[in-house]
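Numbering (the working numbering), first residue to last: 25 to 263.
Now the structure itself:
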């Protein structure tokens with residue numbers, strides 16, 4: 025028998041561990057479950073790739089694709105036709121680094137581009153902003169850095185996979201200055217460039233120039249990590 029739990033939004037979630045092994049059993053138990061949860065607004069069910077043959081059965085009964093990851097697909101069915109279905113995400117988050125040393129700024133050149141840019145990239149699943157910053161700078165330049173503060177947030181609505189990109193630019197302190205590109209499949213060159221040369225270069229974009237200029241001129245306008253007694257764990261708050 026399919027086991028369910030109720031969420032705080034009057035929806036029900038089918039427990040994945042209660043799924044049977046055969047299509048016939050699943051079809052019968054699903055129909056019984058749907059009859060018993062007519063009080064709910066939504067029904068959620070996650071289907072692992074190993075039982076992907078269950079997906080057509082769900083689609084035939086009005087379930088729609090909601091989201092997925094490498095090993096499972098999440099589907100949802102509206103019991104109440106006016107129920108609101110929340111999205112899992114509507115943007116992809118990236119992080120960039122302004123690393124200054126004396127009168128130089130750390131920059132990279134990607135293989136597919138002639139422009140110089142700040143090191144950075146996507147924040148991986150369950151990775152913190154600080155962890156992503158340190159990892160990306162090291163992979164692209166070989167330089168180890170220490171997170172300092174958030175300097176800027178950019179929102180770009182024409183992003184990858186049809187989703188918006190939110191780009192968080194941070195300042196960081198270099199713990200060493202030796203260049204040694206780790207991710208040579210992506211990065212053609214990394215170097216310390218004179219700040220004035222970077223700001224005047226035709227091979228650096230307007231956004232990157234603006235945030236480097238802000239790092240120099242708006243020294244006090246930075247968000248720093250705060251330790252707060254939050255009700256949720258594993259969170260980052262910058263004030």
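We treat Cβ as the ideally placed atom computed from N, Cα and C, and that holds for glycine.
Residue nearest to residue i in terms of C-alpha spacing, selected from the options
i           : options           : result
residue 113 : 45, 190, 242, 168 : 190
residue 135 : 50, 209, 255      : 209
residue 267 : 232, 250, 187     : Because the chain is modelled from 25 through 263, residue 267 falls outside the range shown and cannot be assessed.
residue 149 : 94, 138, 83       : 94
residue 11  : 246, 57, 44, 45   : What the structure shows of the chain is the stretch from 25 to 263, and residue 11 is not part of that stretch, so it cannot be assessed.
residue 86  : 180, 99, 224      : 99
residue 103 : 46, 60, 89        : 60
residue 142 : 219, 83, 82, 45   : 219
residue 151 : 32, 41, 258       : 258
residue 70  : 105, 52, 38, 51   : 38
residue 33  : 47, 207, 109, 77  : 109
residue 168 : 68, 206, 179      : 206
residue 52  : 62, 180, 31, 78   : 78
residue 31  : 68, 223, 45       : 68
residue 201 : 62, 162, 241      : 162
Alpha carbon of residue i to alpha carbon of residue j, nearest angstrom
i           : j           : result
residue 166 : residue 203 : 5 Å
residue 146 : residue 49  : 42 Å
residue 193 : residue 254 : 24 Å
residue 118 : residue 256 : 23 Å
residue 160 : residue 170 : 12 Å
residue 92  : residue 177 : 27 Å
residue 40  : residue 105 : 25 Å
residue 137 : residue 250 : 37 Å
residue 179 : residue 229 : 16 Å
residue 224 : residue 262 : 31 Å
residue 90  : residue 101 : 10 Å
residue 80  : residue 111 : 22 Å
residue 238 : residue 181 : 23 Å
residue 7   : residue 74  : Because the chain here runs from 25 to 263, residue 7 falls outside it and cannot be looked at.
residue 236 : residue 144 : 14 Å
residue 240 : residue 62  : 60 Å
residue 44  : residue 248 : 50 Å
Counted within 10 angstroms of its Cβ, other Cβ atoms place residue i as buried (16 or more) or exposed
i           : result
residue 120 : buried
residue 252 : exposed
residue 243 : exposed
residue 88  : exposed
residue 172 : buried
residue 83  : exposed
Residue i vs residue j beta-carbon contact at 7 Å
i           : j           : result
residue 139 : residue 231 : no
residue 123 : residue 234 : no
residue 36  : residue 72  : no
residue 164 : residue 211 : yes
residue 96  : residue 66  : no
residue 42  : residue 26  : yes
residue 157 : residue 246 : no
residue 125 : residue 198 : yes
residue 221 : residue 153 : no
Pair every Cβ in the region 207-218 with every Cβ in the region 119-130, then say whether three or more of these pairs are closer than 8 Å. yes
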